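Okay, so the sequence shown: first residue is 31 according to my numbering, each after it adds one. Heads up, the beta-carbon is just placed ideally off N, CA and C, and yes, glycines get one too. This structure is a prediction, so every number in the text was calculated from the model and none was measured.
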Amino acid sequence: MDVTVALQAAIDENLTLVGGGLDWPDGGYKITDELDIPHSAGWAMLGASRNGVEVRQYTSNKRIFRFTAADTHTFEIRRMKLTWNTQQTTADTGSVAFSFMADTGTPGNGFYNFEIKSITIDKGYRCFAHDDANDAAVWGYDIDDIVGGENMVGS
Numbered sequence: 031m032d033v034t035v036a037l038q039a040a041i042d043e044n045l046t047l048v049g050g051g052l053d054w055p056d057g058g059y060k061i062t063d064e065l066d067i068p069h070s071a072g073w074a075m076l077g078a079s080r081n082g083v084e085v086r087q088y089t090s091n092k093r094i095f096r097f098t099a100a101d102t103h104t105f106e107i108r109r110m111k112l113t114w115n116t117q118q119t120t121a122d123t124g125s126v127a128f129s130f131m132a133d134t135g136t137p138g139n140g141f142y143n144f145e146i147k148s149i150t151i152d153k154g155y156r157c158f159a160h161d162d163a164n165d166a167a168v169w170g171y172d173i174d175d176i177v178g179g180e181n182m183v184g185s
C-alpha cells in the first residue's frame, strides 16, 4: 500500500519551526513520490531500528527526502533503511536519499546544525545531494554511520 500521502501529512504536521518529531515503527513504507521536509527546526525523525524501518521509493529517478527550505536546522534523522524498489541507473540522477534543495527561504542561511546517523541506503544514485544553483550552504552537520550499499551508482 502506498503511504506517501499519509507520511507527507505526518511530516507536515509534526516537523515545525518549534520542534516536534516523528517516530517510525519497524515496518516497510512504500512511497511513490518525494517526501518534502518543510522549513522547520528542532525536530527528530527516529526509526525504531536501522534495518527494521525500510522506506522504499517505487518511482524511478525520484528522491526520498527533499529538504525544500533554507534555514532548516537543528534536526536529527536516525535508524532507517532507504532504498529504491528497482536498481537505479547512472541516468537516474534524481534518485538521491537526502536532497538539500532550498526552493524557499533565505538561501545563504542554508541547512545547518543537524545529525543524520545510522542509515543504510541502497539501489539509488547518491546518498546526499546539494543544489549549487541556489547557493544554499550545508554546514555544521554530523553525518555518521551511513552505509551506502554496493548498488549505489552515482559518482
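(request) Determine the closest residue to residue 49 out of 126, 139, 102, with distance taken between C-alpha atoms. (result) 102
(message) For residue 176 and residue 157, I'd like the C-alpha separation in whole angstroms.
(response) 9 Å
(request) Look up residue 41 in the DSSP assignment and say whether it is helix, strand or coil. (result) helix
(message) Taking the straight line between their C-alpha atoms, what separation do you get for residue 123 and residue 184?
(response) 7 Å
(request) Excluding the 5 residues preceding and the 5 following residue 118 in the sequence, name in chain order all residues of the same chain whose CB lies nearer than 8 Å to its CB. (result) 90, 91, 125, 153, 154, 155, 183
(message) Helix, strand or coil for residue 33? Go by DSSP, reduced to three states.
(response) coil
(message) Does residue 139 come out as helix, strand or coil in the three-state DSSP assignment?
(response) helix
(request) Rounded to whole angstroms, what's the CA-CA distance from residue 59 to residue 84? Just pull it up for me. (result) 6 Å
(message) Let's test the definition: count the other Cβ atoms within 10 Å of the Cβ of residue 47 and tell me whether it reaches 16, buried, or not, exposed.
(response) exposed
(request) Buried or exposed for residue 189, please, with buried defined as at least 16 other CB atoms from any protein chain shown within 10 angstroms of its CB. (result) There is simply no residue 189 to check, as the chain begins at 31 and stops at 185 in what is shown.
(request) Could you give the DSSP three-state label for residue 72: helix, strand or coil? (result) coil
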